[in-house]
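One point on numbering: in our numbering, the residue at position 42 of the sequence shown is 138, and numbering is uninterrupted. Just so it is clear, CB atoms sit at the ideal spot from N, CA and C, and this is done for glycine as well. First up is the structure itself, then whatever we jot down about it.
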Amino acid sequence: MITRRGFLRLIGGSFLSMVSLSAYAVGIEPMLLTHVKRYSLAPPHWPAGLKLRVVALADIHACRPWMTPERIASLADEANALQPDLIVLLGDYVAGMDLVTDWVSASEWASALSGLKAPLGAMAILGNHDWWHDPVAQRAGTGPTEARKALEGAGITVLENDALRLEKDGLGFWLAGLADQLALLPGEGRAEPRGLDDLDGTLAKVSDTAPVILLAHEPDIFPKVPWRVSLTLSGHTHGGQVRLFGYSPVVPSRFGNRYAYGHVVENDRNLIVSGGLGFSIMPVRFGMRPEILQIDLG
């Protein structure tokens with residue numbers, strides 16, 4: 097039989113455990129435990145002599161106090177220190193929640209990202225929040241968004257349904273980037289959300305047999321990606337932000353945990369989904385540390 101003193105100790109211990117867990121999920125893991133997630137693979141169509149290091153940053157969601165310009169600049173320095181051949185940004189630079197102490201303007205976060213340096217450059221796509229929080233673009237149903245203009249002003253190439261041929265050590269490859277699949281919210285004459293992505297049109301711009309890396313903010317496009325594409329890189333899900341034993345209870349994808357996080361191989365096609373860096377909806381991360389991707393191909 098539990099005594100009054102024992103009951104109070106139990107309640108007190110449970111309360112302290114909850115406080116400690118909350119502090120870890122809100123402050124320690126998301127703010128102090130950013131790490132580099134490394135992948136090494138030789139995907140289909142990849143030439144044996146082409147050694148390429150790609151570093152990817154996803155879902156920055158700039159805001160104070162969680163993702164300040166100073167922290168973004170520090171992440172850029174960490175990315176540069178990995179000595180990438182190419183840096184890619186996978187969308188969602190704009191804050192994805194209202195639980196902030198202050199907003200970070202596009203000019204501020206773009207300036208922080210302007211320090212990204214790689215021999216083949218820094219390339220970007222846009223995410224749904226870069227569209228959703230741009231009222232002018234929403235009303236017009238088209239861009240350029242403020243996020244795109246800010247990135248280009250910082251010297252970063254933005255790919256929206258476009259493809260760019262790059263070369264390293266005399267061997268070529270294509271970097272293709274999709275426009276966002278959830279770009280336009282209902283309203284302005286739209287009865288339902290509408291994407292601006294054009295996978296077929298984007299890949300039609302690939303004019304030779306060199307391998308293709310596809311950037312797509314949401315991984316839900318992956319079942320439609322042809323085997324011609326060597327590797328698809330996505331963000332958006334944040335790995336569910338809470339992930340235990342390889343499972344996330346909430347994933348912003350119609351496929352649930354199928355494309356929630358990590359390296360997925362289906363029918364000899366490769367997808368890597370980043371766990372991202374910032375927050376969406378709630379400032380909580382547990383079992384899903386913020387990450388920078390380092391992908392070594394070849």
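query, result
"Closest to Leu-222 by C-alpha separation, out of Arg-235, Leu-329, Ala-236, Arg-149, would be which residue?", "Leu-329"
"Look up Ser-170 in the DSSP assignment and say whether it is helix, strand or coil.", "helix"
"Taking DSSP's pairing of strands, which residues face His-141 in a bridge?", "None, per the DSSP bridge assignment."
"Spell out the partners DSSP gives Ala-152 in its beta bridges.", "Val-184, Leu-389"
"Would the stretch 216-230 count as touching the stretch 273-293 if we require 3 or more Cβ pairs under 8 Å?", "yes"
"Where does Trp-323 land, buried or exposed, given buried means 16+ other C-beta within 10 angstroms?", "exposed"
"Any contact between the stretch 165-183 and the stretch 193-212? By contact I mean 3 or more CB pairs, one from each, below 8 Å.", "yes"
"I need the DSSP call for Trp-355, collapsed to helix, strand or coil.", "The question names Trp, yet the displayed sequence has Tyr at residue 355. Tyr-355: helix per DSSP, three-state reduction."
"Short of 7 Å in beta carbon distance, which residues of its chain neighbour Lys-320, apart from the five on each side in sequence? Order them along the chain.", "Leu-295"
"With a Cβ-Cβ cutoff of 7 Å, do Gly-187 and Gly-331 count as a contact?", "yes"
"So, for Glu-288: in the same chain, excluding its five sequence neighbours on each side, which residues have a beta-carbon less than 6 Å away from its beta-carbon?", "Pro-282"
"Taking the alpha-carbon positions, what's the Ile-156 to Met-163 distance?", "7 Å"
"What are the start and end residues of the beta strand (DSSP E) that includes Asp-258?", "258-264"
"Report the rounded CA-to-CA distance for Cys-159 versus Leu-310, giving the unit in angstroms.", "28 Å"
"With a CB to CB cut of under 7 Å and the five nearest residues on each side skipped, what residues in its chain are close to Ile-183?", "Val-151, Ala-175, Leu-212, Ala-214, Ala-218"
"For the beta strand (DSSP E) containing Ser-207, name the first residue and the last one.", "Element bounds for Ser-207: not the beta strand (DSSP E) but the alpha helix (DSSP H), 202-209."
"First and last residue of the beta strand (DSSP E) that includes Ala-218?", "218-220"
"Apply the 10 Å Cβ neighbour rule to Ala-266 and answer buried if 16 or more other Cβ atoms are within range, or exposed otherwise.", "Note on residue identity: the sequence assigns Gly, not Ala, to residue 266. Exposed, because fewer than 16 other Cβ atoms sit within 10 Å of the Cβ of Gly-266."
"Given Arg-354, which residues of its chain have a CB within under 8 Å of its CB, disregarding the five upstream and five downstream residues?", "Val-360"
"How about Gly-268 and Ala-306: are their beta carbons less than 7 Å apart?", "yes"
"Below 8 Å on the Cβ atoms is my contact criterion, and I expect Pro-165 with Thr-197 to pass it. Report the Cβ-Cβ distance as a whole number of Å.", "Incorrect: roughly 14 Å between the Cβ atoms, too far for contact."
"Straight-line CA distance for Leu-178 to Gln-390?", "8 Å"
"If we call anything under 7 Å between Cβ atoms a contact, is Asp-392 one with Lys-264?", "no"
"Compute the Euclidean distance between the alpha carbons of Tyr-357 and Ser-136, then round it to the nearest angstrom.", "16 Å"
"Per the DSSP calculation, Ala-367 is bridged to which residue(s)?", "The residue asked about is misnamed: residue 367 is Leu in this sequence, not Ala. In DSSP, Leu-367 forms a bridge with Thr-328, Val-360."
"When the Cα atoms are used, what is the spatial distance from Leu-195 to Val-338?", "18 Å"
"If you draw a straight line from the C-alpha of Asp-364 to the C-alpha of Trp-199, how long is it?", "42 Å"
"Could you tell me the alpha carbon to alpha carbon distance between Arg-381 and Pro-315, rounded to whole angstroms?", "20 Å"
"When the Cα atoms are used, what is the spatial distance from Leu-112 to Val-347?", "Annotation note: pLDDT 41 at Leu-112 (below 50); position unreliable, no value reported."
"So what does Val-308 bridge to, in DSSP terms?", "Trp-270"
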